[in-house]
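Just so we're aligned, residue -6 is where the sequence shown starts under the working numbering, counting upward by one.
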Amino acid sequence: HEHYSITASRVRLIPSNEAKGIRGLDVNKHDQFDVWAYNCVLWIGNVPILWVPVMYKPGGGKFGWEMQAGKDYDWGYFVKAKKTFNLYDYPRITGTLYEDFYSRRGFGTGIRLKGSTDNTYTEAFGYWIYDQHPKRYEGRFDIDSNRYDLSLSHLNHITPRMDFRAHIEKLSDINFIEDFFRERFRRDPQPVTFADLEYQFDWFTLTANVRPRINDFFSEVQRLPELRMDIQRQELFSNIYYQGETTFDYLMMSWRDYDNPREAGNRMDPKDYESARFDTLHMFYYPFSIDWLNLLPRAGMRLTYYSKSSKRKIGQKEVDALYIVDNQGEGDPPGDVVNYDGKGGQRFRLVGEVGLEANTKIYRSWNNVKNAFLELDGIRHVMVPYLNYNYIPPPTVDREHLYFFDDIDRINEQNFVRLGLKNRLQTRRGMKKQEIYTWASVENYMDFQFVGQEDYDSNSLGSFGTIVEFMPTSDFKIRSDLLVDIGKGDIDRFRTDFIYNINPEWKLFAKYNYQNNYEQRGVYSMGSSLTEITSGTSFARRFGKINHVSCGLEFPIIKKLRGDFSITYDIENNMFEEGKIRLIQNLHCWELALEYILRQRNNDMGTMENQHNFMFMLYLTAAPGVKLQARQSMGGGGEGDDGGGGE
């Protein structure tokens, strides 16, 4: 009952190099063979459709092409096709061809090659399109019709202690990935180029790193090069522990190069700056206990040398202005740019730190608590109250004279205490070998700041944070975090994620993300780790308003027909960021998916408009098997094979 089939008068099956002996081969497993077929006829059901003299299918890989087609707001009508195949067994090399057509944009073509051995992995990718109507953005860039993406990645596990990693990527323009590879853009909007060689000794790690800028429409801190030594915490003598890191960098802050001049503000753009920087950090610890109380005092110092600096003071507000003006997504934002002047000469800065961590552990177990549905085999409650005090006196050089490359350059006076409480509910999991599983956890912490905050308008005393994780089963998970300004009592951030795989066919998720317009005082320590809810630099934290809710469901409809939908709604702007519904029909050896996406956006006039996108996808879910029929002559002639395959 094949839906389609290919018959041939002669078929050659060539075993792959990875097949182990003739007994390990199975003619029904097409990926074990390269297949050459002669005098071929393609059949749909019982109807012959096409004759082909010779057909070839390499072993492995996916059989057939994966197809997507539909109508997109930016692309117009489109057809996207890709085919993955094996080129060589060992080293294992696979290739993927991309052939795309967009009615508004033109034809695109590309190839991805992947090669691997026991200790190496290499991937090369190239894609090109002559864009007939490149989309214009509010930014100050001109987008040419000749658009492309070229990249090369390599990983080499040279020895058990030495690894080499590298990636280089050249893009035609700043919007290429967003225009044609949207899923990747959400994960990695600004790919970096780097080369990294690392060697792990018993007590420390040496790293040599180079990070140049290849695409001048991105702003990047170039490291040309960076040499780094990290010494993990270890005992020196008599309960004295040491941890340190030392780096030498030649750093270049390269702001993006715009095609068109700036018209707003003082019409100036951020100016590049560079400096050699030597930085070395040394921290010492003396852990001890007083009965039930664990104490860990620490003390250390950081010495940093800069070959160049600024005589003109650049405060936090001026630094913020550099990044606001550099943000190409804002078009041509207002504001005056004040640049470093480069006349400060060499600088030596010394920063010290003293601190104390204190904690204790309180726990109790209930071994008779059991529940099959919640996968409980006993319960243990662990409660860890803790305190972390940190003091960094004012550095010997004001940070307003130092070039800003990363957090090291922005260290200022710190004087805060964090009070926290960690709660964990644990149970046993596993049959033969039982392991401890964290069934639920809650962490609460509160920061109290004792120094002024000259960089911020807010007069907050600190923040209260809560992180909750509830994972009773592998199919059910809730994670939520909350951040509150202690001084004002305002909610700065609230986020919750809910995932429930009801069964293999029903899957549900829901998310809510709220973020206020707020400024947060960063807590920073050179010698201890601190839980963080928000990300970004430890010293410049200004956040804009976000209010999103999203949900989705995967569900069966009838036999071989299933669906899924998801919605992300922007409550702040009262519009659908994205609404998507998809139907997937299994057609025995094919799958057909129909998808509709609605996006709402504000156009250049500030009016909301609906963007409608339709797509259908058709791809194989099963590859043809191979059925052989022997045909023997009755006389003194030869033998031949009739072969065919179908699904």
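We put the beta carbon where it would ideally sit given N, CA and C, even for glycine.
Please list the terminal residues of the continuous beta strand (DSSP E) segment that includes residue 588. What you label residue 588 is simply residue 595 of the sequence shown in a count that begins at 1. Per DSSP, residue 588 is one residue of the beta strand (DSSP E) stretching across 583 to 595.
Exposed or buried, residue 442, counting other C-beta atoms within 10 Å across all chains shown (16 or more means buried)? Here residue 442 is taken as the residue at index 449 of the sequence shown, counted from 1. Burial call: buried.
Over what stretch of residues does the alpha helix (DSSP H) that includes residue 314 continue unbroken? As a working mapping, residue 314 is identified with position 321 in the sequence shown. Bounds of the alpha helix (DSSP H) holding residue 314 are 309 to 319.
Straight-line CA distance for residue 584 to residue 590? Residue 584 sits at position 591 when you count from the first residue of the sequence shown. Residue 590 sits at position 597 when you count from the first residue of the sequence shown. So the alpha carbons of these two residues sit roughly 20 Å apart.
Given that a residue counts as buried once 16 or more other Cβ atoms are within 10 Å of its Cβ, and exposed if not, what is residue 646? The structure shown has nothing for residue 646, since the chain only spans -6 to 640.
Sequence-distant residues of its chain with Cβ nearer than 6 Å to residue -3 (five each side left out): Counting from 1 along the sequence shown, the entry for residue -3 is found at position 4. Contacts found: 37.
Quick one: using the 10 Å Cβ neighbour count with 16 as the cut-off for buried, is residue 397 buried or exposed? Here residue 397 refers to the residue found at position 404 of the sequence shown. It counts as buried.
Integer Cβ distance of residue 337 from residue 303, believed to fall under 8 Å: For this step, residue 337 is matched to residue 344 along the sequence shown. For this step, residue 303 is matched to residue 310 along the sequence shown. Residue 337 to residue 303, Cβ: 5 Å. Contact.
Proximal residues to residue 531 (C-beta, below 8 Å), its chain only, five neighbours per side dropped: In the sequence shown, counting from the first residue as 1, residue 531 sits at position 538. Result list for residue 531: 400, 403, 515, 516 and 517, in chain order.
To the nearest angstrom, how far is the alpha carbon of residue 626 from that of residue 582? The residue you call residue 626 lines up with position 633 of the sequence shown. The residue you call residue 582 lines up with position 589 of the sequence shown. Reliability fails at residue 626, whose pLDDT of 37 lies under 50, so the model's placement of it is uncertain and the value that follows must be treated cautiously. Their backbone Cα atoms lie some 36 Å apart in a straight line.
Beta-carbon gap between residue 154 and residue 192 smaller than 7 Å: Within the sequence shown, residue 154 is the residue found at index 161, counting from 1. Within the sequence shown, residue 192 is the residue found at index 199, counting from 1. In this structure, residue 192 lies closer than 7 Å to residue 154 by Cβ.
So, with DSSP's three-state summary, where would you put residue 97? For the purposes of this step, residue 97 is identified with residue 104 of the sequence shown, where counting begins at 1. Coil, per DSSP.
Where do the ends of the beta strand (DSSP E) carrying residue 478 lie? Reading the sequence shown from its first residue, position 485 is the one you call residue 478. Boundaries of the beta strand (DSSP E) around residue 478: 469 to 478.
Distance CB(residue 161)-CB(residue 148) smaller than 7 Å: Taking the first residue of the sequence shown as 1, we reach residue 161 at position 168. Taking the first residue of the sequence shown as 1, we reach residue 148 at position 155. In this structure, residue 161 sits away from residue 148, with a CB-CB distance that is not shorter than 7 Å.
Endpoints, the alpha helix (DSSP H) within which residue 357 is located: The sequence position of residue 357 within the sequence shown is 364, counting from 1. Here residue 357 belongs to no alpha helix (DSSP H); instead the beta strand (DSSP E) covers 355 to 364.
Considering only their Cβ atoms, is the gap separating residue 241 from residue 271 smaller than 7 Å? Position 278 of the sequence shown, counting from 1, holds the residue named residue 271. Position 248 of the sequence shown, counting from 1, holds the residue named residue 241. Result yes, Cβ atoms of residue 271 and residue 241 sit closer than 7 Å.
Just the Cα atoms here: how many angstroms apart are residue 4 and residue 29? Taking the first residue of the sequence shown as position 1, residue 4 is located at position 11. Taking the first residue of the sequence shown as position 1, residue 29 is located at position 36. Residue 4 and residue 29: Cα-Cα distance of roughly 6 Å.
How many angstroms separate the CA atom of residue 93 from the CA atom of residue 121? For the purposes of this step, residue 93 is taken as residue 100 along the sequence shown, with counting starting at 1. For the purposes of this step, residue 121 is taken as residue 128 along the sequence shown, with counting starting at 1. Cα-Cα distance, rounded: 10 Å.
Quick check: residue 571 and residue 563, are their CB atoms within less than 7 Å of each other? As a working mapping, residue 571 is identified with position 578 in the sequence shown. As a working mapping, residue 563 is identified with position 570 in the sequence shown. With contacts defined as CB atoms closer than 7 Å, residue 571 and residue 563 fail to qualify as a contacting pair.
Provide the residue span of the beta strand (DSSP E) that contains residue 569, from first to last. Residue numbering aside, residue 569 sits at position 576 when the sequence shown is read from its first letter. Where residue 569 is concerned, the enclosing beta strand (DSSP E) stretches over 568 to 579.
Which stretch, first to last residue, makes up the alpha helix (DSSP H) that contains residue 176? To locate residue 176, count along the sequence shown from 1; it is residue 183. Start and end: 175 to 180.
Proximity winner among 110, 77 and 326, relative to residue 703 (alpha-carbon distances): Since the first and last residues shown for the chain are -6 and 640, residue 703 lies out of range.
Burial state of residue 476 (16 or more Cβ within 10 Å): The residue given as residue 476 occupies position 483 in the sequence shown. When all chains shown are included, residue 476 counts as buried.
Distance, Cα to Cα, residue 266 vs residue 249? Counted from its first residue, the sequence shown places residue 266 at position 273. Counted from its first residue, the sequence shown places residue 249 at position 256. Straight-line Cα distance between these residues: approximately 13 Å.
For residue 539 versus residue 566, is the C-beta distance shorter than 7 Å? The residue you call residue 539 lines up with position 546 of the sequence shown. The residue you call residue 566 lines up with position 573 of the sequence shown. The Cβ atoms of residue 539 and residue 566 lie no closer than 7 Å to each other.
Quick check on DSSP: helix, strand or coil for residue 402? Walking along the sequence shown from the start, residue 402 turns up at place 409. Looking at residue 402 - three-state DSSP - the assignment turns out to be helix.
Alpha-carbon spacing of residue 463 relative to residue 373, whole angstroms: Looking up residue 463 in the sequence shown gives position 470. Looking up residue 373 in the sequence shown gives position 380. Going from the Cα of residue 463 to the Cα of residue 373 covers about 15 Å.
So, residue 479 versus residue 454, is the Cβ gap smaller than 7 Å? The residue you call residue 479 lines up with position 486 of the sequence shown. The residue you call residue 454 lines up with position 461 of the sequence shown. Yes, the Cβ-Cβ distance between residue 479 and residue 454 is below 7 Å.
Beta strand (DSSP E) runs contained entirely in the segment 248 to 306, provided each spans 3 or more residues: If one requires a minimum length of 3 residues, the beta strand (DSSP E) runs lying completely within the segment 248 to 306 are 266 to 278, 281 to 283 and 286 to 299, in chain order.
Other residues of its chain near residue 592: CB distance less than 6 Å, five sequence neighbours each side excluded: On the sequence shown, residue 592 is found 599 positions in, with the first residue counted as 1. 571 and 604, listed in sequence order.
Under 8 Å, with one C-beta from each stretch per pair, do the segment 302 to 318 and the segment 479 to 495 reach the 3-pair mark? Too few Cβ pairs lie closer than 8 Å, so no.
Is the Cβ-Cβ distance between residue 286 and residue 198 less than 7 Å? Here residue 286 corresponds to residue number 293 of the sequence shown, with the count starting at 1. Here residue 198 corresponds to residue number 205 of the sequence shown, with the count starting at 1. No. Outside cutoff.
What do you reckon, are the CB atoms on residue 484 and residue 393 nearer than 7 Å? For this step, residue 484 is matched to residue 491 along the sequence shown. For this step, residue 393 is matched to residue 400 along the sequence shown. No, the Cβ-Cβ distance between residue 484 and residue 393 is not below 7 Å.
Classify residue 362: buried if its beta carbon has 16 or more other beta carbons within 10 angstroms, exposed otherwise. For the purposes of this step, residue 362 is identified with residue 369 of the sequence shown, where counting begins at 1. Classification for residue 362: exposed.
What is the DSSP secondary structure of residue 436, reduced to helix, strand or coil? Position 443 of the sequence shown, counted from the first residue, corresponds to residue 436. Residue 436 falls in the strand class under three-state DSSP.
Taking C-beta to C-beta, are residue 342 and residue 519 nearer than 7 Å? Counted from its first residue, the sequence shown places residue 342 at position 349. Counted from its first residue, the sequence shown places residue 519 at position 526. No, the pair does not count as a contact, with Cβ atoms beyond the cut-off.
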